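Colleague: Please read through the structure below; I'll follow up with questions.
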Amino acid sequence: MDLKALHKISYGMYIVTSKIGDEYNGQMTNSVFQVTSDPPVLAISIHNDNYTRRCIDDCSYLVVSVLSKDAPLSLIGRFGFRSGRDMDKMDGIEYRTEETGVPIVLDHTLAYIEAKVEDKIDVGTHVMYLAEVVNADIEKEGEVMTYEYYHKVKRGTLSKKASHYIDEEKDYEGASR
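Residue numbering for the sequence shown follows my numbering, beginning at 211 and increasing consecutively.
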């Protein structure tokens, strides 16, 4: 079994934001997909240890900002490799709030989706949120940054908390490395 086959599944690169009280937070993820169209529902996977999970659990709303190919590694690093427990991730970032009061990241964003959490499923290291879309819009035209583009062209790295992280040292039963 070669778990790297899972990396062939098509992914995008997204910033998922939420809030706790008046404090905003967000993180990078590639685990967002549409589950239904009527009503429109998304599934979003967030690591249990991430501060963003605590924010989503507290406010029950989240925003998915769809990144363009031109998003710099500095933006991805800010939301992907730093904790909101230690810094204000929105400091110096262009954003606005709308329906949900959750920040919509505008820097290098093509579209955004605001959603209300309707259910969550414990999937071990992560929680899978099922969230109904309450507002969405296109900010500008452009090409979406895919996970493959992020790795091959941007030469981006992967957080150990990512839902698709594969520990090269771990012996997965029957897996080849």
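Cβ atoms here follow ideal geometry from the backbone N, Cα and C, with glycine treated the same way.
Keep in mind it's a predicted model, so treat the numbers as computed, not measured.
If we count the other Cβ atoms within 10 Å of its Cβ and call it buried at 16 or more, is I219 buried or exposed?
Modeller: Exposed: under 16 other Cβ atoms inside 10 Å.
Colleague: If contacts are defined as beta-carbon pairs under 8 Å, then A341 and I254 qualify, I think. What distance do you get, rounded to the angstrom?
Modeller: That pair is a contact at about 6 Å.
Colleague: What residue range does the beta strand (DSSP E) around E262 cover?
Modeller: The sequence shown places Thr at residue 262, rather than the Glu named in the question. From DSSP, T262 is part of no beta strand (DSSP E) but of the alpha helix (DSSP H) over Y261 to C269.
Colleague: For T319, which residues in the same chain have their Cβ closer than 6 Å to its Cβ, ignoring the five residues on either side in sequence?
Modeller: Closer than 6 Å at the Cβ level, and outside the excluded window around T319, lie S275 and E349.
Colleague: Classify K299 as helix, strand or coil using the three-state DSSP reduction.
Modeller: In the structure shown, K299 sits in coil (DSSP, three-state: anything other than H, G, I, E or B).
Colleague: Residue range of the beta strand (DSSP E) that I286 falls in?
Modeller: It is not in any beta strand (DSSP E) - I286 instead sits in the alpha helix (DSSP H) that spans L283 to G290.
Colleague: Just verifying my parser: in three-state terms, what is the DSSP assignment at E358?
Modeller: Reduced to three states, the DSSP call for E358 is helix.
Colleague: Within its chain, find whatever has a CB closer than 7 Å to the CB of Y359; leave out the 5 residues flanking it on each side and keep chain order.
Modeller: Hits under 7 Å: K279.
Colleague: Taking buried to mean at least 16 other C-beta atoms within 10 Å of its own C-beta, is M300 buried or exposed?
Modeller: By the 10 Å Cβ count, M300 comes out buried.
Colleague: For I219, which beta-bridge partners are listed by DSSP?
Modeller: DSSP, once it has assigned bridges, lists no residue as partnering I219.
Colleague: Looking at the structure shown, is L316 part of a helix, part of a strand, or coil, going by DSSP?
Modeller: Correct three-state label for L316: coil.
Colleague: Are the beta-carbon atoms belonging to Y322 and K330 less than 8 Å from one another?
Modeller: No, the pair does not count as a contact, with Cβ atoms beyond the cut-off.
Colleague: Suppose the cutoff is 7 Å on Cβ atoms and the five residues either side in sequence are ignored; what does the same chain contact list for V344 look like?
Modeller: So the list reads E309, T310, E324, A325 and K326, once near-sequence residues are dropped.
Colleague: Do you know whose CA, among Y224, S228, V354 and G222, lies nearest D298's CA?
Modeller: It is S228 whose Cα lies nearest to the Cα of D298.
Colleague: Which first and last residues belong to the beta strand (DSSP E) in which K350 is found?
Modeller: No beta strand (DSSP E) contains K350, which DSSP labels as neither H nor E.
Colleague: If you draw a straight line from the C-alpha of D377 to the C-alpha of G334, how long is it?
Modeller: Unreliable positioning characterises D377 in this predicted model, as indicated by a pLDDT of 49, which lies under 50. The coordinate reading is nonetheless provided below. If you take the alpha carbons of D377 and G334, they lie about 16 Å apart.
Colleague: Rounding to the nearest angstrom, what Cα-Cα distance links V363 and G302 in this structure?
Modeller: Each residue's Cα considered, the two are about 26 Å apart.
Colleague: Am I right that V312 and L272 are in contact with their C-beta atoms under 8 Å? What's the rounded C-beta distance?
Modeller: Right, their Cβ atoms sit about 6 Å apart.
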